[in-house]
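Report on the following structure.
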Amino acid sequence: MDVTVAQLEALLAVGEHGSFTRAGQELGRTQSAVSRAIAALESALGGPVVHRGEIGFTELGRTVAKHASSVLEGLRAINDLAADIRTPTLRVGAVASALVRFVPAGVLRLRRDWPRSQVLALQGEDDELLAWLADGTVDLAVTTQPGPDSQRALEDEFLAVVPKEHPASRRKRIRLAELIRLGVADPGGTCGPALAEGFAAHGVEWRPDHVVRDVGTVVAMAAAGITAGVAPAMALPDPPPPAVVIRPLEPRLSRAVYLHYCPADRDVVHLVEHLTTW
């Protein structure tokens, strides 16, 4: 006896909707396809499963339908299990600024195509992230420093974060020397050295009045009117708090963001493809 899933689905749909036509609409098939499936099922079983006048199950049909429900439920559970097996947990290590919007945005795009995906994120500094990748703690590292076989993911622009009530907030761009005169907060991490190098390249000394540990503190200080600040674009909230304005620097300064991973790991490559659409 050769009973198929399509035949069992047709049987349950006919029983639910009382019509071959409506059953076909539910299953995305034609009325004739449903009719053929029922006829093939009856041929395999050796007896009718549906009354053809006022459509309803025969005694045989009711018994088969009861078992069909269990069979299809079991198949769905098996498919779910297979999907879980095919979808490993991906571990991403990243610098703090990349965890604000860059990594979350890539994960959201990934889940549209891969709804069961699981991504664990760990925060670290550049040197420890590469060590984590080397010892297998993470599958993908997002850093601000290049490494062997790293992929340059994007240019992350540095932007001025200015209290909305400050006169400088009315300018379209803020010059580097002017920002130093305003008083500025350094967001910490690898941003400080990058900013010092960028300012020096344009003949301006990077002299922050405050050095903090994260971009959130820079934004909070500017919102409170304490100081202006500088932060990488991908770490800034979007939209920013109403008490601050975000302005480009003049001249423009930026840093590179790099991805480090094993190109042979197809699951990680799939995530990387969604990150690099940023």
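Residue numbers for the sequence shown follow full-length UniProt numbering, beginning at 1 and rising by one. The C-beta atom is built at its ideal place from N, Cα and C for all residues, glycine as well.
{"Asked": "Beta-carbon contacts of R91 that lie in its chain and below 6 Å, excluding the five residues immediately before and after", "Found": "L120, V138, D139"}
{"Asked": "At least three beta-carbon pairs within less than 8 Å, the stretch 68–75 to the stretch 91–108", "Found": "no"}
{"Asked": "Limits of the unbroken beta strand (DSSP E) element including Q123", "Found": "118–123"}
{"Asked": "C-beta atoms of R247 and A160 nearer than 8 Å", "Found": "yes"}
{"Asked": "Straight-line Cα distance separating G18 from H51", "Found": "10 Å"}
{"Asked": "Nearest candidate by alpha-carbon position, reference D156, set R109, E125, V257", "Found": "V257"}
{"Asked": "Candidates S150, T89, R207: closest to W114 by CA position", "Found": "T89"}
{"Asked": "Inter-residue spacing [alpha-carbon to alpha-carbon] between P179 and L99", "Found": "Pro is not the amino acid found at residue 179; the sequence shown has Leu there. Their backbone Cα atoms lie some 27 Å apart in a straight line."}
{"Asked": "Limits of the alpha helix (DSSP H) - the one that L249 falls within", "Found": "First-last for L249: 244–250, but that is the beta strand (DSSP E), not the alpha helix (DSSP H)."}
{"Asked": "Beta-bridge partners of F199, as assigned by DSSP", "Found": "Its beta-bridge partners do not exist; DSSP assigns none."}
{"Asked": "According to DSSP, residues forming a beta bridge with H274", "Found": "None; H274 has no bridge partner."}
{"Asked": "Paired residues, beta bridge with R255 - DSSP", "Found": "D156"}
{"Asked": "Residues near R175 by beta carbon distance below 6 Å, same chain, minus five either side", "Found": "E250"}
{"Asked": "Cα-Cα separation between V14 and I78, rounded to whole angstroms", "Found": "25 Å"}
{"Asked": "P242 to S97 span [Cα, whole Å]", "Found": "21 Å"}
{"Asked": "Cβ distance (whole Å) where D186 is taken to contact P208 below 8 Å", "Found": "4 Å"}
{"Asked": "Close-in-space but distant-in-sequence residues of the same chain around G198 (CB under 6 Å, 5 per side omitted)", "Found": "L253"}
{"Asked": "Distance between A220 and E125 (C-alpha atoms, nearest Å)", "Found": "23 Å"}
{"Asked": "Inter-residue Cα distance where the pair is F20 and S70", "Found": "22 Å"}
{"Asked": "Candidates H202, L275, P163, of which the one nearest P240 by Cα", "Found": "P163"}
{"Asked": "Assigned exposure category for Q7 - 16 Cβ within 10 Å defines buried", "Found": "buried"}
{"Asked": "Inter-stretch contact at 8 Å, needing at least 3 Cβ pairs: the stretch 255–274 / the stretch 145–152", "Found": "yes"}
{"Asked": "V218: first and last residue of the uninterrupted beta strand (DSSP E) it sits in", "Found": "Looking at the DSSP string, V218 is not in any beta strand (DSSP E); the run it does join, the alpha helix (DSSP H), is 215–223."}
{"Asked": "Cα-Cα separation, E54 to A10", "Found": "17 Å"}
{"Asked": "Proximal residues to Q145 (C-beta, below 6 Å), its chain only, five neighbours per side dropped", "Found": "D126"}
{"Asked": "Opening and closing residue of the alpha helix (DSSP H) in which G93 lies", "Found": "No alpha helix (DSSP H) holds G93; the beta strand (DSSP E) holding it covers 89–94."}
{"Asked": "Nearest-angstrom Cβ-Cβ length linking L182 and V230, presumed shorter than 8 Å", "Found": "In fact, because the Cβ distance is near 11 Å, the residues do not count as touching under 8 Å."}
{"Asked": "8 Å Cβ cutoff met for V5 and A44", "Found": "no"}
{"Asked": "Per DSSP, the bridge partner or partners of G229", "Found": "V161, A185"}
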